[in-house]
Amino acid sequence: MRRRFRLGRNSMIVVFGSANLDLIWRAERLPKPGETVLGAAFAQAEGGKGLNQAIAAQRARGGASEPVRFFGAIGDDGFGTALRGMLDRAGVDSRGLATISEPTGAAGIMVDRRGENAIIVASGANHAARAAQVPDEALGPQTVVVLQMETRTDETAAVIFRASNLGARIVLNLAPALPLDEAVLRRVNALVVNEVEGAMLASSLGLAVDSPLDLCRALTHRLSARVVMSLGPEGAIAAAGPLAWRIGTLNITPVDTTGAGDAFVGALAVALDEGRVLPDALRFASVAGGLACLKPGAAPSMPTRAEIEARLSALAPAESL
Numbered sequence: 032m033r034r035r036f037r038l039g040r041n042s043m044i045v046v047f048g049s050a051n052l053d054l055i056w057r058a059e060r061l062p063k064p065g066e067t068v069l070g071a072a073f074a075q076a077e078g079g080k081g082l083n084q085a086i087a088a089q090r091a092r093g094g095a096s097e098p099v100r101f102f103g104a105i106g107d108d109g110f111g112t113a114l115r116g117m118l119d120r121a122g123v124d125s126r127g128l129a130t131i132s133e134p135t136g137a138a139g140i141m142v143d144r145r146g147e148n149a150i151i152v153a154s155g156a157n158h159a160a161r162a163a164q165v166p167d168e169a170l171g172p173q174t175v176v177v178l179q180m181e182t183r184t185d186e187t188a189a190v191i192f193r194a195s196n197l198g199a200r201i202v203l204n205l206a207p208a209l210p211l212d213e214a215v216l217r218r219v220n221a222l223v224v225n226e227v228e229g230a231m232l233a234s235s236l237g238l239a240v241d242s243p244l245d246l247c248r249a250l251t252h253r254l255s256a257r258v259v260m261s262l263g264p265e266g267a268i269a270a271a272g273p274l275a276w277r278i279g280t281l282n283i284t285p286v287d288t289t290g291a292g293d294a295f296v297g298a299l300a301v302a303l304d305e306g307r308v309l310p311d312a313l314r315f316a317s318v319a320g321g322l323a324c325l326k327p328g329a330a331p332s333m334p335t336r337a338e339i340e341a342r343l344s345a346l347a348p349a350e351s352l
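Be aware that the sequence shown starts at 32, since it is given in the numbering used here, and climbs by one per residue.
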């Protein structure tokens, strides 16, 4: 039987996932296929869904006694050195980050004047991340494990099975929406998807639904997990058992939306670990995701706990559906 999330600000959060160096181009608009567009600026920033979510969780936890622990793989190169340095500066425990001979993962990110983006990722060393890197002592009942789909799916599945067997609580961000066996998905406590990922998962499970809300309800019924679907500027919806909620977003002018989803996931994991009920966790996560849009880059844009709490009152509580 899967464990419930419970109050535990001093418990452990473990992230298993990717680490990339982001190469970011800014332009008036995104190019069409076959088109060259002159860019307005170029920058490098630390990223990768795993690293982003680890830093997001660390900052959202504030003064928790146990640092977030990150497990993944980087190359023995300048990109890898930059990524480890970013984790260390953020206070994340990076001792579980393996250094190998393969090149560090990298992502090419194009951002238009509205903050919308298009991304291509070369996984590199991320494919060498192994479930065996995560020791059993990091997967017990005091742990929340956060995972994504930018590392090998078999290794991600292995972490989920072992964490579930050892009593940990599991948050899976099914991004990108790669195939994962239903038996694995049933071990997850909280599943986070966007509309496209949710639709792809529903199709793979043979679920016919007409709306995001129906999709969330169908998935939570099928998988017996909390299901959260991000809707971009429209906020997010969530379902747990027979209940469902909708949350809006902060009224902001985005600078860069690249890190919004990862800020949302990291903050959601923290809120659930602290024992917040799902509608309150949605509000905390939505504020974090919105604040991440106010700065360029992914990992550098993750907000602190103080920043999130200062803006909570600016967002109305989640609405019951």
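Ideal placement from N, C-alpha and C gives every residue a C-beta, glycine not left out.
Being a predicted model, the structure only gives us computed values, none of them experimental.
Which of helix, strand or coil DSSP assigns to residue i
i: arginine 144; result: coil
i: serine 317; result: helix
i: asparagine 225; result: strand
i: isoleucine 339; result: helix
i: alanine 156; result: helix
i: methionine 231; result: helix
i: leucine 322; result: helix
i: glycine 171; result: coil
i: glycine 139; result: strand
i: glycine 237; result: coil
i: leucine 346; result: coil
i: serine 351; result: strand
i: serine 132; result: coil
i: leucine 309; result: helix
i: glutamine 164; result: helix
i: alanine 330; result: helix
Best match in the options for proximity to residue i [C-alpha to C-alpha]
i: alanine 345; options: Ser317, His158, Met231 and Val223; result: Ser317
i: aspartate 143; options: Gly229, Pro327, Val224 and Met231; result: Pro327
i: alanine 163; options: Ile151, Asp124 and Ala188; result: Ala188
i: isoleucine 105; options: Arg126, Pro62 and Ala87; result: Arg126
i: alanine 121; options: Pro243, Ser332 and Glu213; result: Ser332
i: leucine 205; options: Met180, Asp212 and Phe102; result: Met180
i: leucine 262; options: Arg193, Arg253, Ala239 and Gly292; result: Gly292
i: threonine 289; options: Ser49, Gly48, Ile44 and Asn83; result: Asn83
i: glutamate 213; options: Val227, Leu238 and Leu343; result: Leu238
i: valine 301; options: Val165, Ala85, Asn51 and Val152; result: Ala85
i: glycine 103; options: Ser242, Phe295 and Ala160; result: Ala160
i: glutamate 77; options: Ser234, Arg193 and Asp119; result: Asp119
Residues of its chain near residue i, where Cβ-Cβ distance is below 8 Å and the 5 sequence neighbours each way are ignored
i: threonine 251; result: Arg257, Val258, Ala270, Ala271 and Gly272
i: threonine 280; result: Pro264, Glu265, Gly266, Ser317, Gly320, Gly321 and Leu346
i: proline 310; result: Ala269, Trp276, Ile278, Pro348, Ala349 and Ser351
Residue i, enclosing alpha helix (DSSP H) - first and last residue
i: asparagine 83; result: 80-92
i: threonine 284; result: It is not in any alpha helix (DSSP H) - threonine 284 carries neither H nor E in the DSSP assignment.
i: aspartate 119; result: 109-121
i: threonine 251; result: 243-254
i: leucine 216; result: 213-216
Alpha-carbon spacing of residue i relative to residue j, whole angstroms
i: leucine 197; j: arginine 307; result: 23 Å
i: arginine 183; j: glutamate 59; result: 35 Å
i: proline 210; j: leucine 232; result: 8 Å
i: glutamate 338; j: arginine 90; result: 10 Å
i: proline 348; j: histidine 158; result: 40 Å
i: glutamate 66; j: leucine 128; result: 38 Å
i: alanine 87; j: leucine 69; result: 32 Å
i: proline 62; j: asparagine 148; result: 11 Å
i: asparagine 314; j: asparagine 282; result: According to the sequence displayed, residue 314 carries arginine and not asparagine. Going from the Cα of arginine 314 to the Cα of asparagine 282 covers about 14 Å.
i: methionine 141; j: tryptophan 56; result: 5 Å
i: glycine 116; j: aspartate 108; result: 12 Å
i: proline 134; j: alanine 156; result: 6 Å
i: arginine 253; j: leucine 236; result: 9 Å
i: leucine 299; j: aspartate 167; result: 24 Å
i: valine 99; j: threonine 335; result: 14 Å
i: aspartate 185; j: alanine 95; result: 32 Å
i: methionine 260; j: glutamate 226; result: 7 Å
i: aspartate 241; j: glutamine 75; result: 40 Å
Residue span of the beta strand (DSSP E) that contains residue i, given as start and end
i: threonine 184; result: Counting along the chain, threonine 184 falls outside any beta strand (DSSP E), though it belongs to the alpha helix (DSSP H) covering 184-196.
i: alanine 269; result: 267-271
i: valine 296; result: Careful: valine 296 lies outside any beta strand (DSSP E), inside the alpha helix (DSSP H) at 291-304.
i: methionine 260; result: 257-261
i: methionine 43; result: 43-47
i: serine 96; result: From DSSP, serine 96 is part of no beta strand (DSSP E); its letter is neither H nor E.
i: leucine 368; result: One cannot answer for residue 368 here, as it falls past the ends of the chain, which runs 32 to 352.
i: alanine 206; result: Looking at the DSSP string, alanine 206 is not in any beta strand (DSSP E), and its letter there is neither H nor E.
Same chain only: Cβ atoms within 7 Å of residue i, ignoring 5 sequence neighbours per side
i: proline 255; result: At residue 255 the sequence reads serine, which differs from the proline that was named. Excluding residues within five positions, the ones whose Cβ falls inside 7 Å are Arg217.
i: leucine 38; result: Residue confidence is low: leucine 38 scores 45 on pLDDT, short of 50, so the model does not pin down where it sits. Its coordinate-derived value is still stated next. Around leucine 38: Glu305 and Gly306.
i: phenylalanine 110; result: Leu52, Thr135 and Ala137
Contact set for residue i: own chain, Cβ-Cβ below 6 Å, skip 5 residues either direction
i: proline 285; result: Gly146 and Cys324
i: phenylalanine 73; result: Trp56
i: alanine 199; result: Leu170, Thr174 and Val176
i: serine 195; result: Arg218
8 Å Cβ cutoff, residue i in contact with chain B
i: methionine 260; result: No chain B appears in this structure, which consists of one protein chain only.
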